[in-house]
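Under this note's numbering, the first residue of the sequence shown is numbered 21, with each subsequent residue one higher.
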Amino acid sequence: MIPCANRSDSRLSRMKIFKLFFALLVAAACVWAAPKSKPYTAGSAKVMGAVESKVPFSGERLFATLDSVGGTGTWMEWDVNGVKDPSLMQILDPMLKSANKPEMVWVITERAKPLVAVLLPKGNGETILFYELQSLDAKPVPLAINQVLRPEVVFRDYRQISEKEFVHHDKDNLKVKILPSGMIFSYEKKGEDPLYMVSDYATRDFAEKNSILTDYEDYFKYEYSLMLRAFVQSVRGVFNWQPWHWYMPAWNSKFMIKRSELEAILMRGVAPSFFKLFRATTATGETVEFRTNGNGYSELEIRK
21 MIPCANRSDS RLSRMKIFKL FFALLVAAAC VWAAPKSKPY TAGSAKVMGA
71 VESKVPFSGE RLFATLDSVG GTGTWMEWDV NGVKDPSLMQ ILDPMLKSAN
121 KPEMVWVITE RAKPLVAVLL PKGNGETILF YELQSLDAKP VPLAINQVLR
171 PEVVFRDYRQ ISEKEFVHHD KDNLKVKILP SGMIFSYEKK GEDPLYMVSD
221 YATRDFAEKN SILTDYEDYF KYEYSLMLRA FVQSVRGVFN WQPWHWYMPA
271 WNSKFMIKRS ELEAILMRGV APSFFKLFRA TTATGETVEF RTNGNGYSEL
321 EIRK
């Protein structure tokens, strides 16, 4: 097993335990209005319940409430301009056509069935409605970049520190640099140990090679998921894919690093300057590339 992947998983587990404990404490103070009899539906979705607040939710209470219902998974914000999943739109279409439109919508997929949270105004306060979907059922479409990118929308969670550079409000090691032909997101996990490279891979037998390759693939899948959270899920309106589509093999498999590419690197026994985990070219010629140096530093580059 790759050493640094083990340490990352251990840290992640401790963080999840603390996060769940905190969320459960907050949940005790929330009003959970679950259906008292047989759960009812909205289209093919099952309505799970609601949490109401007589005043607008504070940011802290809002996300603590979401976590108390969603557990240790990661809530992803739905983008109104992104690809529409039909099962989700059965819930949202009537709301979007009404006078009481959703303020925000989130989806969590790290459970048996996807869970949806919809934040709606209610009197002087707000309510969060929760729905369980059978699946997220949009058909894969080619990746595209929105042509009109408004900084006040895209970088809502960032502060501008210079003409061409933004830093995340909560994570000063997450940055974006604007280029004449695109942008580069960067994230650095300080104190990370370098990725260990197996120097004698070429001399191992078939079973050992297969096990080593699987370990490295698992490590890079984890790194890719961290990059999605840092880069894709911290901005709004850049891509046509919804945040959860980036995780789905039906959507991303053509663009992910291939097992043969990883084996060629291991055969050489020397790490490249960057491991390119995902690379796609859009129909209009932009390139989108996720890469990591295996030493705690990762980038997402978008070039036009």
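Just so you know, even glycine gets a beta-carbon here, dropped at the ideal spot from N, CA and C.
Keep in mind that this is a model prediction, so the values were computed, not measured.
- DSSP places Thr234 in the helix class (H, G or I) of the three-state scheme.
- Per DSSP, the continuous alpha helix (DSSP H) segment holding Trp271 begins and ends at Pro269 to Asn272.
- Per DSSP, Arg288 is one residue of the alpha helix (DSSP H) stretching across Arg279 to Arg288.
- The stretch 297-313 makes contact with the stretch 163-181: 3 or more CB pairs, one atom from each, lie closer than 8 Å.
- In the same chain as Pro76, and ignoring 5 residues on each side of it, the C-beta atoms closer than 7 Å to its own belong to Gly145 and Glu146, in chain order.
- DSSP places Phe310 in the uninterrupted beta strand (DSSP E) bounded by Thr307 to Thr312.
- DSSP places Pro114 in the helix class (H, G or I) of the three-state scheme.
- As the crow flies, the alpha-carbon of Val136 is around 25 Å from that of Asp190.
- A direct Cα-Cα distance of roughly 41 Å separates Pro141 from Phe240.
- Annotated three-state conformation of Lys229 is helix, per DSSP.
- For the pair of segments examined, the stretch 308-318 was found to touch the stretch 243-254: the number of CB pairs separated by less than 8 Å reaches three.
- Only residues of its own chain outside the window of five on either side were considered, and among them Arg256 have a CB closer than 7 Å to the CB of Arg176, listed in chain order.
- Nearest to Met268 by C-alpha distance, out of Val168, Asp157, Asp87 and Lys121, is Asp157.
- Spatial neighbours of Met287 in its own chain (CB-CB distance under 8 Å, excluding positions within 5 residues in sequence) are listed in chain order as Tyr221 and Ala222.
- When the Cα atoms are used, Phe294 and Asn101 turn out to be separated by approximately 32 Å.
- Gly211 and Leu194 have their alpha carbons spaced roughly 15 Å apart.
- Secondary structure of Gly90 (DSSP, three-state): helix.
- Where Pro141 is concerned, there is no enclosing alpha helix (DSSP H), although the beta strand (DSSP E) around it starts and stops at Leu135 to Lys142.
- By the C-beta density criterion, Thr234 is exposed, having fewer than 16 other C-beta atoms within 10 angstroms.
- The C-alpha of Trp98 lies about 32 Å from the C-alpha of Arg279.
- For Leu86, the closest alpha carbon among the candidates Ser118, Leu139 and Met115 is that of Leu139.
- If you look at Val67, you'll find it in the beta strand (DSSP E) that goes Ala65 to Ser73.
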